[in-house]
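In the working numbering, the protein residues as written are 8 to 89.
Shown next, in the form of C-alpha coordinates:
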(Lines of atoms letter the chains of each structure in order from A and count residues from 1; the text may use other names and numbers.)
(Lines give C-alpha, C1' and ligand atoms only; values in the text may rest on other atoms or scores of the structure.)
Protein backbone atom coordinates (compact mmCIF):
# COMPACT_ATOMS: atom_id res chain seq x y z
CA UNK A 1 0.00 0.00 0.00
CA UNK A 2 1.29 3.46 -0.89
CA UNK A 3 0.54 6.81 0.66
CA UNK A 4 1.66 9.80 -1.40
CA UNK A 5 1.81 13.24 0.20
CA UNK A 6 3.34 16.52 -1.01
CA UNK A 7 6.63 15.96 0.83
CA UNK A 8 6.80 12.16 1.16
CA UNK A 9 5.85 8.74 -0.09
CA UNK A 10 5.09 6.00 2.43
CA UNK A 11 5.25 2.34 1.43
CA UNK A 12 3.68 -0.29 3.69
CA UNK A 13 5.26 -3.72 3.17
CA UNK A 14 3.61 -7.04 4.00
CA UNK A 15 4.53 -8.79 7.22
CA UNK A 16 7.26 -11.41 6.83
CA UNK A 17 6.38 -13.23 10.02
CA UNK A 18 5.01 -16.62 9.03
CA UNK A 19 2.24 -18.19 11.06
CA UNK A 20 2.23 -21.95 11.27
CA UNK A 21 -0.55 -24.29 12.36
CA UNK A 22 1.54 -26.82 14.26
CA UNK A 23 1.66 -28.91 17.41
CA UNK A 24 3.88 -27.97 20.35
CA UNK A 25 6.60 -30.42 19.28
CA UNK A 26 6.49 -29.20 15.67
CA UNK A 27 6.78 -25.64 16.99
CA UNK A 28 10.05 -26.52 18.75
CA UNK A 29 11.46 -27.84 15.48
CA UNK A 30 10.40 -24.69 13.65
CA UNK A 31 12.15 -22.61 16.32
CA UNK A 32 15.33 -24.66 15.79
CA UNK A 33 15.17 -23.87 12.05
CA UNK A 34 14.54 -20.12 12.45
CA UNK A 35 17.07 -17.68 11.06
CA UNK A 36 17.77 -19.61 7.89
CA UNK A 37 19.28 -22.65 9.62
CA UNK A 38 19.86 -25.72 7.44
CA UNK A 39 20.13 -28.70 9.78
CA UNK A 40 20.31 -32.48 9.76
CA UNK A 41 17.88 -34.55 11.84
CA UNK A 42 20.71 -35.19 14.34
CA UNK A 43 21.35 -31.46 14.72
CA UNK A 44 17.63 -30.81 15.22
CA UNK A 45 17.50 -33.62 17.80
CA UNK A 46 20.40 -32.01 19.69
CA UNK A 47 18.73 -28.59 19.67
CA UNK A 48 15.29 -29.85 20.72
CA UNK A 49 16.16 -32.78 22.98
CA UNK A 50 13.92 -35.08 20.91
CA UNK A 51 15.05 -38.51 19.73
CA UNK A 52 16.24 -38.70 16.13
CA UNK A 53 13.31 -40.98 15.20
CA UNK A 54 10.83 -38.46 16.64
CA UNK A 55 12.51 -35.64 14.69
CA UNK A 56 12.30 -37.62 11.44
CA UNK A 57 8.59 -38.37 12.05
CA UNK A 58 7.81 -34.72 12.83
CA UNK A 59 9.82 -33.53 9.83
CA UNK A 60 7.68 -35.73 7.57
CA UNK A 61 4.56 -34.02 8.96
CA UNK A 62 6.08 -30.56 8.47
CA UNK A 63 7.13 -31.47 4.94
CA UNK A 64 3.57 -32.64 4.15
CA UNK A 65 2.30 -29.28 5.44
CA UNK A 66 4.89 -27.63 3.17
CA UNK A 67 6.53 -25.75 6.07
CA UNK A 68 10.00 -27.23 5.53
CA UNK A 69 12.23 -28.01 2.58
CA UNK A 70 14.25 -31.21 2.38
CA UNK A 71 17.52 -31.42 0.47
CA UNK A 72 19.87 -34.33 -0.03
CA UNK A 73 19.16 -37.90 0.91
CA UNK A 74 20.22 -40.56 3.36
CA UNK A 75 22.93 -39.38 5.74
CA UNK A 76 23.22 -36.03 3.96
CA UNK A 77 19.54 -35.04 4.34
CA UNK A 78 19.15 -31.43 5.49
CA UNK A 79 16.05 -29.50 6.51
CA UNK A 80 15.19 -25.79 6.34
CA UNK A 81 12.10 -23.61 6.59
CA UNK A 82 10.38 -22.64 3.34
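The beta carbon of each residue, even a glycine, is placed where N, CA and C say it ideally should be. Note that this is a predicted model, so its numbers are computed, not measured.
Residues of its chain near residue i, where Cβ-Cβ distance is below 7 Å and the 5 sequence neighbours each way are ignored
| i | result |
| --- | --- |
| residue 65 | 32, 33 and 36 |
Residue i, DSSP secondary structure in three states
| i | result |
| --- | --- |
| residue 88 | strand |
| residue 7 | With the chain represented from 8 up to 89, any question about residue 7 goes unanswered, as that position is not in the structure. |
N-terminal and C-terminal residue of the alpha helix (DSSP H) that residue i is part of
| i | result |
| --- | --- |
| residue 51 | 48 to 55 |
| residue 64 | 59 to 71 |
Host beta strand (DSSP E) of residue i (start-end)
| i | result |
| --- | --- |
| residue 76 | 75 to 78 |
| residue 45 | Segment: none, residue 45 is in no beta strand (DSSP E) and carries neither H nor E. |
Close-in-space but distant-in-sequence residues of the same chain around residue i (CB under 8 Å, 5 per side omitted)
| i | result |
| --- | --- |
| residue 79 | 85 |
Length of the line joining the Cα atoms of residue i and residue j
| i | j | result |
| --- | --- | --- |
| residue 60 | residue 27 | 22 Å |
| residue 45 | residue 75 | 10 Å |
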